[in-house]
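**Student:** Line by line, the protein sequences are chains Y and X. Using my numbering, the first residue of the first sequence is number 449, and each one after it goes up by one. Using my numbering, the first residue of the second sequence is number 19, and each one after it goes up by one. Glycine is no exception: its CB is placed at the ideal position from the N, C-alpha and C atoms. Have a look at this one.
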Amino acid sequence: MADNILITYGVPLLLLILSPIIGGLLIGIDRKVTARIQNRSGPPIVQPFYDTFKLFGKEDKIVNKTYLVFGAAYLLTVILSLALLLFQYDLLITTFIFGLSFIFLVLAGYSTRSQFGNVGATRELMQMLTYEPILLFAVFLIRLVTGSFEIESIYSAAQPLLYTLPLALLAIFIILPIKARKSPFDIAEAHQEIAQGPETEYSGKYLGLLLTAHFFEMFFILWFVSLFFVKDVALGGLVIPGVIMQVLMMLVAYVFLIVVDNATARLRVDQMLKQVFIVGMVLLIINLIYIIVTGRWIA
Amino acid sequence: MSLTEISRKKSPWVIHVGTGGCNGCDLEILACLTPRYDVSRFGVMSTGNPKHADVMLVVGPVTIKYKEIIKNLYDQMPDPKVVISVGTCASTGGIYQGCYGHCGGVDKVVPVDVYVPGCNVRPEAVIDGLVLALDILNEKERKILEEKKAKAKGAA
Ligand code: SF4
Numbered sequence: 449m450a451d452n453i454l455i456t457y458g459v460p461l462l463l464l465i466l467s468p469i470i471g472g473l474l475i476g477i478d479r480k481v482t483a484r485i486q487n488r489s490g491p492p493i494v495q496p497f498y499d500t501f502k503l504f505g506k507e508d509k510i511v512n513k514t515y516l517v518f519g520a521a522y523l524l525t526v527i528l529s530l531a532l533l534l535f536q537y538d539l540l541i542t543t544f545i546f547g548l549s550f551i552f553l554v555l556a557g558y559s560t561r562s563q564f565g566n567v568g569a570t571r572e573l574m575q576m577l578t579y580e581p582i583l584l585f586a587v588f589l590i591r592l593v594t595g596s597f598e599i600e601s602i603y604s605a606a607q608p609l610l611y612t613l614p615l616a617l618l619a620i621f622i623i624l625p626i627k628a629r630k631s632p633f634d635i636a637e638a639h640q641e642i643a644q645g646p647e648t649e650y651s652g653k654y655l656g657l658l659l660t661a662h663f664f665e666m667f668f669i670l671w672f673v674s675l676f677f678v679k680d681v682a683l684g685g686l687v688i689p690g691v692i693m694q695v696l697m698m699l700v701a702y703v704f705l706i707v708v709d710n711a712t713a714r715l716r717v718d719q720m721l722k723q724v725f726i727v728g729m730v731l732l733i734i735n736l737i738y739i740i741v742t743g744r745w746i747a
Numbered sequence: 019m020s021l022t023e024i025s026r027k028k029s030p031w032v033i034h035v036g037t038g039g040c041n042g043c044d045l046e047i048l049a050c051l052t053p054r055y056d057v058s059r060f061g062v063m064s065t066g067n068p069k070h071a072d073v074m075l076v077v078g079p080v081t082i083k084y085k086e087i088i089k090n091l092y093d094q095m096p097d098p099k100v101v102i103s104v105g106t107c108a109s110t111g112g113i114y115q116g117c118y119g120h121c122g123g124v125d126k127v128v129p130v131d132v133y134v135p136g137c138n139v140r141p142e143a144v145i146d147g148l149v150l151a152l153d154i155l156n157e158k159e160r161k162i163l164e165e166k167k168a169k170a171k172g173a174a
């Protein structure tokens, strides 16, 4: 029994504590790889941590108190959603709380007087409009296949989700760059056109908090993708444990993010809305029809 | 050296301000970002946002219309901050010396910490200036802290 408690609560807790470090390192490796692809030598892998520590040692220029509250709320909701995901709570609530964190960022952008912040917040809102329906639809499909919104049921399902929901995974891959704030969908943060979007007015410690939130976010989205393959799989005589498959899934998503980030240019908001929405929805609907026709759904 | 001071040396975020030169030095600064010179290996990130920046690179003599703007930008940067004047005309006025539309070098408007000479500057010189500026950042922060302490003592 004691062993069980250690596994069900200890491992998620450890992951939650390590997740900013893992997320930061992943972002650092991403920057390094991007630089190598462009034939530069690039910053060291621990660069995101240098940036964060530096920001904590800088003076804060505070514009008003509202957006500080929203910034802190953004960090807390991201941590909360990651905790819910790791402790295997309700998947629907987890995605809603993750969406809420984006809303806090939007409100933070609107609560400053800067036009960069306002434009950035509007764009962030459009991005939410694009990815949220697709994400919720995908979660709904997961519910249909596993019979429950609890994440536990994904672990106890007969087949890994990848076999039943391949197209839903593809749709999630399409919205992945939106959630990771990467090209071609780094529209809200387009720092060449609108400074930094909603983050424009943050400085010092508070910008450091936002950076930390991004570390958590990175880990969240990779973990979310990895839920699609959590079962042990037998290859010939070899049994690969589910944990390794999960890490592999995270790796695939991570490499996908880097490649897409480097291979594409930023889209306009309306282009993103049309393309992502149509492609994502069509993929999900085909997957829904496939599930219903083959009778894999559980009421 | 504390962790913050090490990090401060490793991650200067740069804002690049062109105030009305011939754009020769602007191009050389952009060349610093290319694979050949790559300043990003020092952790340099180019931002367009003064609120995130530590280092301001000023190019060109300050035109009278730009005077207010550059002051405004300087005031928006959070401490500790350094200003690097890049190019001869940013440092002294250069070939624009005595021209009616200019008010001379950058140091007439905001305090300058590092002067990088050259018309136009070599990218190596810009990198050299940046490395010099990184030492100044920590010194400045120490000075600000000391002043704060002295003020607190005076108040108590
Ligand atoms: S220093 Fe010379 S090259 Fe540089 S901006 Fe001034 S005039 Fe142009």
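(1) Hey, quick one: how far does the beta strand (DSSP E) through Tyr118(X) stretch, first residue to last?
(2) Quick one: is Pro96(X) near chain Y, going by C-beta distance under 8 angstroms?
(3) Please list the segments of the beta strand (DSSP E) lying wholly inside the stretch 471-519 of chain Y, counting only runs of 3 or more residues, in order along the chain.
(4) Would the beta-carbon of Asp709(Y) fall within 8 angstroms of that of Lys630(Y)?
(5) Interface residues of chain Y around Ser109(X) at Cβ under 9 angstroms?
(6) So, with DSSP's three-state summary, where would you put Asp153(X)?
(7) For Glu572(Y), decide whether its Cβ has a neighbour in chain X, counting only Cβ atoms nearer than 8 angstroms.
(8) Have a look at Phe564(Y) and Val459(Y) and give me their C-alpha separation to the nearest angstrom.
(9) Return yes when at least one heavy atom of ligand 1 lies under 7 angstroms from the C-beta of Asn138(X), else no.
(10) Taking C-beta pairs closer than 8 angstroms, name the residues in chain X that Ser651(Y) reaches, listed in chain order.
(11) Please list the segments of the alpha helix (DSSP H) lying wholly inside the stretch 38-65 of chain X, counting only runs of 4 or more residues, in order along the chain.
(12) Roughly how many whole angstroms lie between the Cα atoms of Arg716(Y) and Val727(Y)?
(13) Would you grab the beta carbon distance between Phe501(Y) and Leu539(Y) for me? Rounded to a whole angstrom, and I think it's under 8 angstroms.
(14) So, helix, strand or coil for Lys171(X), using DSSP?
(15) Identify whether Tyr522(Y) lies in helix, strand or coil by the three-state DSSP scheme.
(16) For the stretch 661-688 of chain Y, enumerate the residues whose C-beta is nearer than 7 angstroms to any C-beta of chain X, in chain order.
(17) Check whether the Cβ of Phe633(Y) lies closer than 8 angstroms to any Cβ atom in chain X.
(18) Between Tyr522(Y) and Ala661(Y), how many whole angstroms is the CB-CB distance? I'm expecting something under 8 angstroms.
(19) Rounding to the nearest angstrom, what Cα-Cα distance links Leu592(Y) and Phe585(Y) in this structure?
(20) Taking only the alpha-carbon atoms, compute the straight-line gap between Gln94(X) and Thr648(Y) and give it to the nearest angstrom.
(21) Would you mind working out which of Phe552(Y), Ser559(Y), Phe550(Y), Leu530(Y) sits nearest Val511(Y), comparing C-alpha positions?
(22) Would you report the Cα separation of Trp745(Y) and Gly595(Y), rounded to the nearest angstrom?
(23) What are the partner residues of Asp72(X), as DSSP defines its beta bridges?
(24) Just to confirm the assignment: which complete beta strand (DSSP E) runs, minimum length 3, are found wholly within the stretch 86-132 of chain X?
(25) When DSSP labels each residue in this structure, what does Asp634(Y) get in the three-state scheme?
(26) With H, G and I counted as helix, E and B as strand and the rest as coil, what does DSSP make of Met449(Y)?
(27) So for Asp680(Y), helix, strand or coil by DSSP?
(28) Thinking just about the alpha-carbon of each residue, which of Arg54(X), Val100(X), Ile33(X) is nearest to the one in Asp44(X)?
(29) Should Pro30(X) and Leu150(X) be called a contact, given that it needs their Cβ atoms to be closer than 8 angstroms?
(30) Have a look at the DSSP bridge pairing and note the partners of His662(Y).
(31) Starting from the C-beta of Asp680(Y), find all residues in its chain whose C-beta is less than 7 angstroms away, skip the five residues before and the five after it, and write them out in chain order.
(32) Mind listing, in chain order, the continuous alpha helix (DSSP H) runs of no fewer than 4 residues lying wholly within the stretch 550-620 of chain Y?
**Tutor:** Let me lay it out:
(1) On the second sequence, position 100 is the one that residue 118(X) refers to. That residue, Tyr118(X), is in no beta strand (DSSP E); it is neither H nor E in DSSP.
(2) Indexing the second sequence from 1 puts residue 96(X) at position 78. Chain Y contact via Cβ: present.
(3) none
(4) Position 261 of the first sequence, counted from the first residue, corresponds to residue 709(Y). Position 182 of the first sequence, counted from the first residue, corresponds to residue 630(Y). Yes; because the gap between Cβ atoms is below 8 angstroms, this pair is in contact.
(5) To locate residue 109(X), count along the second sequence from 1; it is residue 91. Those do not exist, as Ser109(X) stays about 27 angstroms from chain Y at its closest Cβ, beyond 9 angstroms.
(6) Residue numbering aside, residue 153(X) sits at position 135 when the second sequence is read from its first letter. Helix at Asp153(X).
(7) Along the first sequence, one-based indexing puts residue 572(Y) at 124. Cβ-Cβ to chain X under 8 angstroms: no for Glu572(Y).
(8) The residue you call residue 564(Y) lines up with position 116 of the first sequence. The residue you call residue 459(Y) lines up with position 11 of the first sequence. If I take the Cα positions, the gap works out to 41 angstroms.
(9) Position 120 of the second sequence, counted from the first residue, corresponds to residue 138(X). In this structure, Asn138(X) has its CB closer than 7 angstroms to one or more heavy atoms of ligand 1.
(10) Position 203 of the first sequence holds residue 651(Y). Correct list: Lys69, His70, Pro96.
(11) Taken in chain order, the complete alpha helix (DSSP H) segments of 4 or more residues contained in the stretch 38-65 of chain X are 42-50.
(12) In the first sequence, counting from the first residue as 1, residue 716(Y) sits at position 268. In the first sequence, counting from the first residue as 1, residue 727(Y) sits at position 279. Roughly 16 angstroms between the two C-alpha positions.
(13) Within the first sequence, the letter at position 53 stands for residue 501(Y). Within the first sequence, the letter at position 91 stands for residue 539(Y). That belief does not hold up - the Cβ atoms of Phe501(Y) and Leu539(Y) are roughly 35 angstroms apart, past 8 angstroms.
(14) As a working note, residue 171(X) is residue 153 in the second sequence. The answer is helix: DSSP assigns Lys171(X) an H, G or I state.
(15) Working through the first sequence from its first residue, we reach residue 522(Y) at position 74. Three-state result, Tyr522(Y): helix.
(16) none
(17) Taking the first sequence and counting its residues from 1, one reaches residue 633(Y) at position 185. Not one chain X Cβ lies under 8 angstroms of Phe633(Y).
(18) Reading the first sequence from its first residue, position 74 is the one you call residue 522(Y). Reading the first sequence from its first residue, position 213 is the one you call residue 661(Y). That belief holds up - the Cβ atoms of Tyr522(Y) and Ala661(Y) are roughly 6 angstroms apart, short of 8 angstroms.
(19) Here residue 592(Y) is taken as the residue at index 144 of the first sequence, counted from 1. Here residue 585(Y) is taken as the residue at index 137 of the first sequence, counted from 1. C-alpha separation (whole angstroms): 10 angstroms.
(20) Within the second sequence, the letter at position 76 stands for residue 94(X). Within the first sequence, the letter at position 200 stands for residue 648(Y). Straight-line Cα distance between these residues: approximately 12 angstroms.
(21) Here the question's residue 511(Y) lines up with position 63 in the first sequence. Val511(Y) has its Cα closest to that of Ser559(Y), out of Phe552(Y), Ser559(Y), Phe550(Y), Leu530(Y).
(22) Position 297 of the first sequence, counted from the first residue, corresponds to residue 745(Y). Position 147 of the first sequence, counted from the first residue, corresponds to residue 595(Y). C-alpha separation (whole angstroms): 8 angstroms.
(23) Numbered from its first residue, the second sequence carries residue 72(X) at position 54. DSSP, once it has assigned bridges, lists no residue as partnering Asp72(X).
(24) 100-104
(25) The residue labelled residue 634(Y) in the question sits at position 186 within the first sequence. Assigned with DSSP and collapsed to three states, Asp634(Y) falls in coil, not helix or strand.
(26) Locating residue 449(Y) in the first sequence gives position 1, where the first residue counts as 1. Caution applies to Met449(Y), whose pLDDT of 48 falls short of 50 and renders its modelled position unreliable; the model cannot decide the point.
(27) As a position in the first sequence, residue 680(Y) is number 232, starting the count at 1. In this structure, Asp680(Y) counts as coil in the three-state DSSP scheme.
(28) Position 26 of the second sequence holds residue 44(X). Taking only the C-alpha atoms, the option nearest Asp44(X) is Ile33(X).
(29) In the second sequence, the residue the question calls residue 30(X) occupies position 12. In the second sequence, the residue the question calls residue 150(X) occupies position 132. For the 8 angstroms CB-CB criterion, Pro30(X) and Leu150(X) do not form a contact.
(30) In the first sequence, counting from the first residue as 1, residue 662(Y) sits at position 214. Partner(s): none; His662(Y) has no beta bridge.
(31) Indexing the first sequence from 1 puts residue 680(Y) at position 232. So the qualifying residues of the chain are Val687, Ile688, Pro689, Gly690.
(32) Here the runs fully enclosed are 563-594, 600-604, 609-612.
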